[in-house]
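Written out below as structure tokens is the structure these notes cover.
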Amino acid sequence: MAMYEIIWHGRGGQGVVLAAQILAEAAYIQGFRGVTSAPTFGPERRGAPLTASTRISDGPVRTFSQIASADIAVILDESLLETATGTGRIKKNGLVIVNTTLTPEQIGGDGSFSVATVDAAGIAREHHLSMSGVPVVNTPLLGALSMASGLVSLENIEKGIRKKMPRSKAAFNFQAIRTAFERTLYVKNKKQPETQEMSEDGKH
Amino acid sequence: MNDVRIITGNEAAALAVKLAKPGVIAAYPITPQTSLAEKLSEYVEKGELKSEYVRVESEHSSLTVCISASTVGARVFTATSSNGLLYMHEQLHWAAGSRLPVVMCCVNRGVGAPWSIFNDQQDSFSQRDTGWIQIYCRDNQEILDTIIQAYRIAEEVYIPVMVCYDGFILSHTMMPVEIPDSGLIEEFLPPYRPHTILSPDDPKTINPVFFPTRRENSEGILCDGYMEMRYKLQAAFEKSGEVIRNASREWAEITGRDHGGLIWEYMTEDAELILTGMGSIATEATLAADALRDEGIRAGVVGIRAYRPFPKEEVAQAFKKATAIAVFEKCISYGYEGGVCSDLKAAFYGTDIKAPIHDYIAGLGGRDVKTGEIVDAARATLETVGSGDTGNKTIWLNCYKGI
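Protein chains in written order, with this note's numbering: chain A, 975 to 1178; chain B, 4 to 406.
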């Protein structure tokens, strides 16, 4: 049974927890029967780096331990790129989505994962999507995730958002999400061979 | 269409309490309290739940309010964690000794010192002998369903019930939970019929000083002594296993969700290696069992759902064919070993179960326990079979012990 593990990297106040929850809602609507979303366990501080996670699976999720190695990492703050993509943090042939003005080629990476980029902050500003003067990037990045991963449709992201915020606010967010979906740049990595051990017995 | 919501364990618990409609809820709102008490106050404030919500100044008082309200005939609820539960200690005995059907949630967290807000089960484990039924939940659906069952159990056997679930790991993780229809709750859990033992119409003193011997009261009736009262609590516990099983079975009949009675089993039928534990670590162990089976090891899991009453007959049956046993537990009796391990060994005494038992103390104070670590530990336990090193052991999992 396939399970996708997604980590959201951001700073306190950027809405990583809400993004993780919206993705879980959207994935459930999409038909995945097992979804979980969890914040970093413990106290949270505005501005401090933190993560939240979403697990998506065909059947009930039976693991509650922290994600060691993610299928998808969504990076809300570019300065966290190194932390998020450090050795072993992303699965082979995984996907990294970054809020940045750079292109995937400029982001680079070690070639073991695909890269998608979108200027989520710029898009948020264009759509006047801000909170306390700071552009809201968590929801636009859901649009980028939909585009780059194909895991959850844009339509279901919208439905998921409606579960988490009032209709008018959801509609406002959705314009930015759609724009982000359209503008996301995605470069697939060259498929990496499975590890020796895995190819020998054919198991994950 | 079923009402499925993606919610935290705390919200699942709050929704269950709302469905059970307690007349009185008491809670101390400061840490280590959780969002469960917050949610309930919201429901009461909005008028969605018609309860008297009593905000008190300590956990000792919150349970005292529940004891008092229960004594005059109200269905009651409270929740706490960690040192808050420890502060209730005296009143835990009082609720059980008074045979009151109080239901409480313990959102499991480590206890100080040193301070921890993170998950383990030392809080409720350390209150094991206070005379409460303890049920441990493995996911958020089971939290909701167990709280409804807990009222049914408590009100049948007159023993308070503590519904325990792992802090953060379940309390703050969102997952799909089916919310039962309120009509269905009324069928399973009829409105509370007060077992009023104190009323202005019939004033009396309850729980006065009991003497060592049985004595005649002022009307010449020979009454129980202290020891008879204690015996009756133990006798009620001996009956409670059947009541827990029935509640679980009837709940499964009307909802289709069977969480097991006192224990649950996963792939144990042909298992040589059995992993066991309470709460979310046992859920994680089911994935470990899958991984071990991929390696060709016949592994299974027994989840301990009711810790008190301890399911001695069930475990003696479930572990019958095991050649190795790995216990994973988030608590310890200092100077000996983990509590589940001791109780299993006691239950196995005099049976044919001679399998080595390794007791893995794991996840204390929120230390992450990964599936892979459970796999490696359980495999190591199995490997000792036939190696000459077959003694039982207590092993601290993923803990730096110095040189």
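Ideal placement from N, C-alpha and C gives every residue a C-beta, glycine not left out.
Cβ atoms of residue j and residue i: under 8 Å apart, would you say?
i                   : j                   : result
Ile-146 of chain B  : Val-160 of chain B  : no
Ala-327 of chain B  : Thr-384 of chain B  : yes
Leu-1119 of chain A : Ser-1088 of chain A : no
Leu-1050 of chain A : Asn-1112 of chain A : yes
Glu-268 of chain B  : Ala-325 of chain B  : no
Phe-121 of chain B  : Phe-171 of chain B  : yes
Gly-280 of chain B  : Glu-219 of chain B  : no
Gly-1008 of chain A : Val-1035 of chain A : yes
Ala-29 of chain B   : Val-59 of chain B   : yes
Ile-300 of chain B  : Lys-323 of chain B  : no
Thr-1074 of chain A : Glu-1052 of chain A : yes
Val-129 of chain B  : Arg-112 of chain B  : Checking the sequence, you will find Ser at residue 129 of chain B rather than Val. Contact: no.
Arg-1063 of chain A : Ala-1044 of chain A : yes
Val-110 of chain B  : Thr-37 of chain B   : yes
Ala-1058 of chain A : Ala-1047 of chain A : yes
Ile-150 of chain B  : Ala-250 of chain B  : no
Trp-135 of chain B  : Pro-163 of chain B  : yes
Ala-1154 of chain A : Ala-1094 of chain A : yes
Glu-253 of chain B  : Tyr-195 of chain B  : no
Leu-1103 of chain A : Ile-1071 of chain A : no
Gly-26 of chain B   : Ala-98 of chain B   : no
Leu-1128 of chain A : Arg-1152 of chain A : yes
Val-68 of chain B   : Ser-202 of chain B  : no
Ala-1150 of chain A : Ala-1098 of chain A : yes
Gly-303 of chain B  : Ile-277 of chain B  : yes
Gln-1166 of chain A : Lys-1066 of chain A : yes
Lys-53 of chain B   : Asn-13 of chain B   : no
What does residue i pair with, by DSSP beta-bridge criteria?
i                   : result
Thr-397 of chain B  : B:Asp-362
Ile-1049 of chain A : A:His-983 and A:Val-1072
Gln-447 of chain B  : Absent from the model: residue 447 of chain B. The displayed extent of chain B is 4 to 406, so no value can be given.
Met-281 of chain B  : Bridge partners of Met-281 of chain B: none, in fact.
Arg-8 of chain B    : B:Val-180
Gly-1008 of chain A : A:Ser-1031
Thr-83 of chain B   : B:Cys-109
Leu-276 of chain B  : B:Ala-302 and B:Ala-327
Met-977 of chain A  : A:Ser-1031
Glu-55 of chain B   : B:Val-27
Pro-1013 of chain A : A:Ala-1026
Tyr-269 of chain B  : B:Val-304
Tyr-1160 of chain A : A:Ala-1090
Asn-1064 of chain A : Sequence inspection shows Ile at residue 1064 of chain A; the Asn mentioned does not correspond to that position. Answer by DSSP bridge pairing, in chain order: A:Ala-1044.
Checking contacts by CB at 8 Å: is residue i closer than that to chain C?
i                  : result
Arg-112 of chain B : Protein chains A and B are contained in the structure displayed, whereas chain C is not.
### Query
Of all the residues that make up the stretch 1010–1024 of chain A, which are near chain B by a beta-carbon distance shorter than 8 Å?
Those would be Thr-1010, Ser-1011, Ala-1012, Pro-1013, Phe-1015, Gly-1016 and Pro-1017, in chain order.
### Task
Evaluate contact between the stretch 1020–1037 of chain A and the stretch 994–1004 of chain A, counting only Cβ atoms and requiring at least three cross-stretch pairs below 8 Å.
Taking a cut-off of 8 Å on C-beta distances, the stretch 1020–1037 of chain A touches the stretch 994–1004 of chain A, as three or more cross pairs fall below it.
### Task
Any chance you could list the beta strand (DSSP E) runs of at least 3 consecutive residues sitting entirely within the stretch 165–236 of chain B, in chain order?
DSSP runs (the beta strand (DSSP E)) wholly in the stretch 165–236 of chain B: 178–182.
### Task
Can you give me, in chain order, the residues of the stretch 275–294 of chain B that have a beta carbon less than 8 Å from any beta carbon in chain A?
The residues in question are Ser-283, Thr-286, Glu-287, Thr-289 and Leu-290.
### Message
If we require 3 or more residues per run, which beta strand (DSSP E) segments fall completely within the stretch 327–376 of chain B?
### Response
Secondary structure in the stretch 327–376 of chain B: the beta strand (DSSP E) runs of 3 residues or longer, each lying completely within the stretch, are 327–332 and 360–364 in chain order.
#### Entry: Members of the stretch 362–376 of chain B near chain A, C-beta cut-off 8 Å
Listed in chain order, the positions of the stretch 362–376 of chain B with a beta carbon within less than 8 Å of a beta carbon of chain A are Gly-369, Asp-371, Val-372, Lys-373 and Thr-374.
### Task
Give, in chain order, every residue of the stretch 171–198 of chain B whose Cβ lies closer than 8 Å to some Cβ of chain A.
Among the residues of the stretch 171–198 of chain B, those with a Cβ less than 8 Å away from any Cβ of chain A are Phe-171, Ile-172, Leu-173, His-175, Thr-176, Met-177, Met-178 and Pro-179, in the order of the chain.
### Task
Count the CB pairs spanning the stretch 89–107 of chain B and the stretch 228–244 of chain B that are closer than 8 Å, and state whether there are at least three.
With three or more CB-CB distances shorter than 8 Å, the stretch 89–107 of chain B counts as touching the stretch 228–244 of chain B.
### Message
Across the stretch 281–295 of chain B and the stretch 367–383 of chain B, are there enough close Cβ pairs to call them in contact, namely three or more that are closer than 8 Å?
### Response
Output reads yes: the stretch 367–383 of chain B touches the stretch 281–295 of chain B.
### Message
Counting beta carbon pairs with one atom in the stretch 47–57 of chain B and one in the stretch 212–226 of chain B, are three or more of them shorter than 8 Å?
### Response
By the C-beta criterion, the stretch 212–226 of chain B is judged not to be in contact with the stretch 47–57 of chain B, since fewer than 3 inter-stretch pairs fall below 8 Å.
### Message
Beta carbons nearer than 7 Å to chain A: which residues of the stretch 8–32 of chain B have them?
### Response
Here the close residues are Ile-9.
### Message
So if I threshold CB-CB distances at 8 Å, which residues from the stretch 1032–1043 of chain A count as touching chain B?
### Response
From the stretch 1032–1043 of chain A, only Pro-1034, Val-1035, Arg-1036, Thr-1037, Phe-1038, Ser-1039, Gln-1040 and Ala-1042 have a Cβ closer than 8 Å to chain B.
#### Entry: Interfacial residues, the stretch 110–126 of chain B to chain A, with Cβ spacing under 9 Å
Cβ proximity to chain A below 9 Å picks out Ile-120, Phe-121 and Asn-122 from the stretch 110–126 of chain B.
### Task
Please name the residues in the stretch 989–1005 of chain A whose beta-carbon is closer than 8 Å to at least one beta-carbon of chain B, in chain order.
Listed in sequence order: Gln-995, Ala-998, Glu-999 and Tyr-1002.
#### Entry: Every unbroken beta strand (DSSP E) within the stretch 1076–1157 of chain A, with a cutoff of 3 residues, ordered by chain
When DSSP assignments are scanned along the stretch 1076–1157 of chain A, the uninterrupted stretches of beta strand (DSSP E) that are 3 or more residues long and fall wholly within it turn out to be 1088–1092.
### Query
Do the stretch 355–373 of chain B and the stretch 305–313 of chain B meet, that is, are 3 or more Cβ pairs less than 8 Å apart?
These segments do not touch.
### Message
With three or more C-beta pairs closer than 8 Å as the rule, is the stretch 1009–1021 of chain A touching the stretch 171–181 of chain B?
### Response
Yes, the stretch 171–181 of chain B is in contact with the stretch 1009–1021 of chain A.
### Inter-stretch contact at 8 Å, needing at least 3 Cβ pairs: the stretch 189–209 of chain B / the stretch 121–133 of chain B
Output reads no: the stretch 121–133 of chain B does not touch the stretch 189–209 of chain B.
#### Entry: Contiguous alpha helix (DSSP H) assignments of at least 4 residues, all confined to the stretch 102–133 of chain B
Taking only runs of at least 4 residues, the alpha helix (DSSP H) segments lying wholly in the stretch 102–133 of chain B are 125–128.
### Task
Could you say if the stretch 1149–1167 of chain A and the stretch 1077–1088 of chain A meet the contact criterion of at least three C-beta pairs nearer than 8 Å?
The stretch 1149–1167 of chain A vs the stretch 1077–1088 of chain A: in contact.
### Message
Could you check whether the stretch 257–266 of chain B touches the stretch 183–192 of chain B, counting it as contact only if at least three pairs of C-beta atoms, one from each stretch, sit closer than 8 Å?
### Response
With the cut-off at 8 Å, the stretch 257–266 of chain B and the stretch 183–192 of chain B touch.
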